[in-house]
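These protein sequence lines map, in sequence, to chains A and B.
Each residue of the first sequence is one higher than the one before, starting from 1 at the first, in this note's numbering.
Each residue of the second sequence is one higher than the one before, starting from 1 at the first, in this note's numbering.
Idealized CB from N, CA, C, for every residue including glycine.
Everything below concerns the one structure shown next.
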Amino acid sequence: MRSPHRTSPGPGTPSLAPLVRDSSLVWVASGVVGLSFGAISVAGGLPVWVPVVMSLLVYAGSAQFSAVGVLLAGGGPFAAAATGLLLNTRTAAFSLAVADLLGPGRAARFLGAHLVTDETVAFALAQPDPARRRAAFWVSGLGLFAVWNAGVAAGALAGTALGDTAAYGLDAAFPAVLVALVLPALREDTRLRRPAALGALLALAATPFVPAGLPVLLALAALPLYGLHGKGGAAR
Amino acid sequence: MSATAAAILVLAAGTYAFRLVGPALHGRVTLPDRVRELLTAGAVVLLVALLATGALTEGGGFAGWARPAGVLAGAALAWRRAPFAVVVLGAAGVTAVLRAVGVG
């Protein structure tokens with residue numbers, strides 16, 4: 001998606017240092033959000049194992065926050081599971097987009113599937129060639145999994161000692177990460193701009209009226225606009 | 001098994017099933033080029049929708065001014081091709097400073 005003229009170390013040997021440097025910022029931000037997730041869950045009255053096991057098995061930040069939110073509000077376990085599932089339906093679309101990056105082996109595909117998150121998909125798709133996409137997916141995915149779960153465990157054990165994490169402005173870091181990662185694609189492939197803009201408007205307009213998770217999926221209704229206007233950038 | 005444990009297991013199994021859709025189909029179905037192109041475009045459309053709702057909304061309502069201002073600062077830095085670290089820290093920094101001075 002970036003300049004095709006850039007010199008590269010050749011397919012199969014992407015340089016890992018820039019990938020680690022860029023994703024480490026996301027790991028740190030995610031670790032602090034994980035801390036607050038663990039702390040909020042335990043402070044609300046849930047036992048320590050709930051946020052820890054949920055983070056290992058479910059491994060999806062926004063779905064975990066809303067599931068725990070429903071539990072703490074007394075909404076019942078099935079309402080909590082349903083809310084989280086609705087939020088995670090988008091990972092099906094993401095897993096289709098990165099399926100060929102996970103690796104040829106059965107084990108790599110089953111393990112890699114668990115690492116499909118908003119951040120890893122954005123990181124992978126922002127890379128210019130398949131070898132680097134694969135490296136970006138695994139580097140950002142394994143690091144994010146380790147730091148997120150360590151953060152949640154630490155937060156659950158520390159309880160409420162952390163204070164109000166909104167003061168650090170981390171809630172602005174994640175949307176900014178997504179901006180930085182999708183901007184090259186939007187620059188390169190002008191056909192993406194209309195569906196992306198219309199999709200974002202649809203999602204924003206629907207947010208006050210429909211359950212969490214649906215607005216983002218509604219953005220896909222703008223996808224038929226892709227390829228109707230503008231010139232192509234050959235995404236792959 | 002407690003109801004909470006059951007809810008976690010249902011959520012975990014369902015989420016993993018969603019994530020397995022792509023890898024499970026991969027290699028079994030040969031997708032036409034146009035479909036593959038649409039899948040990549042669809043992922044970008046989803047990510048842009050996520051960033052828009054993540055920047056502007058919280059719990060179904062407006063997220064307040066501090067967060068979108070920080071994201072906008074990050075977007076401006078990214079547009080000027082600033083390094084990734086500068087974009088992320090700039091966005092968080094602007095939001096944190098605005099909150100420190102009392103902007104919601």
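Closest residue to A:L101 among A:Q127, A:L86, A:A153 and A:L87 (Cα-Cα distance): As a working note, residue 101 of chain A is residue 101 in the first sequence. Among A:Q127, A:L86, A:A153 and A:L87, the Cα nearest to that of A:L101 is on A:Q127.
Same chain, Cβ closer than 7 Å to A:F65, five either side skipped, listed in chain order: The residue given as residue 65 of chain A occupies position 65 in the first sequence. Only F37 meet the Cβ criterion.
Coil, strand or helix - A:G169 by DSSP: Mapped onto the first sequence, residue 169 of chain A falls at position 169. Of the three classes helix, strand and coil, the one that applies to A:G169 here is coil, per DSSP.
Where B:V29 sits in the DSSP three-state scheme: Taking the second sequence and counting its residues from 1, one reaches residue 29 of chain B at position 29. Reduced to three states, the DSSP call for B:V29 is strand.
Residues within the region 45-64 of chain B neighbouring chain A, beta-carbon criterion of under 7 Å: V45, L46, L47, V48, A49, L50, L51, A52, T53, G54, A55, L56, T57, G60 and G61
The region 28-38 of chain B touching the region 166-184 of chain A, judged by at least three CB pairs closer than 8 Å: no
Contact residues within the region 147-167 of chain A, judged by C-beta distance below 7 Å to chain B: A166 and A167
Span of the alpha helix (DSSP H) around A:F123: Taking the first sequence and counting its residues from 1, one reaches residue 123 of chain A at position 123. Note, A:F123: alpha helix (DSSP H), D118 to L125.
8 Å Cβ cutoff, A:F145 in contact with chain B: Along the first sequence, read from residue 1 onward, the residue named residue 145 of chain A stands at position 145. For A:F145, the answer is no, since every Cβ of chain B falls outside 8 Å of its Cβ.
Whole-Å CB distance - A:L72 paired with A:G34, under 8 Å assumed: One-based indexing of the first sequence puts residue 72 of chain A at position 72. One-based indexing of the first sequence puts residue 34 of chain A at position 34. Wrong, their Cβ atoms sit about 17 Å apart, outside the cutoff.
The alpha helix (DSSP H) enclosing A:S140, as first and last residue numbers: For this step, residue 140 of chain A is matched to residue 140 along the first sequence. That run of the alpha helix (DSSP H) goes P130 to A158.
Option in B:A13, B:V44, B:I8 and B:R67 with minimal Cα separation from A:L217: For the purposes of this step, residue 217 of chain A is taken as residue 217 along the first sequence, with counting starting at 1. Minimum Cα distance to A:L217 is reached at B:V44.
B:D33 burial status per 10 Å Cβ neighbour count (16 or more: buried): Here residue 33 of chain B refers to the residue found at position 33 when the second sequence is read from its first residue. B:D33 should be labelled exposed.
Distance, A:G103 Cα to A:R134 Cα: On the first sequence, position 134 is the one that residue 134 of chain A refers to. On the first sequence, position 103 is the one that residue 103 of chain A refers to. Those two C-alpha atoms are separated by around 8 Å.
Residues bridged to B:G61 [DSSP beta-bridge criterion]: By 1-based counting over the second sequence, the position of residue 61 of chain B is 61. DSSP lists B:E58 as partners of B:G61.
contact_flag[the region 76-91 of chain A, the region 189-201 of chain A] where n(CB pairs < 8 Å) is 3 or more: no
CB-CB length for A:V116 against A:F94, believed under 8 Å: In the first sequence, counting from the first residue as 1, residue 116 of chain A sits at position 116. In the first sequence, counting from the first residue as 1, residue 94 of chain A sits at position 94. Contact flag correct, Cβ pair sits at about 5 Å.
Chain-ordered residues of the region 215-229 of chain A with a beta carbon less than 7 Å from chain B: P215, V216, A219, L220, A222, L223 and Y226
Chain B contacts from the region 35-67 of chain A (Cβ-Cβ distance under 8 Å): L46, V50, V53, M54, L57, V58, Y59, A60, A63 and A67
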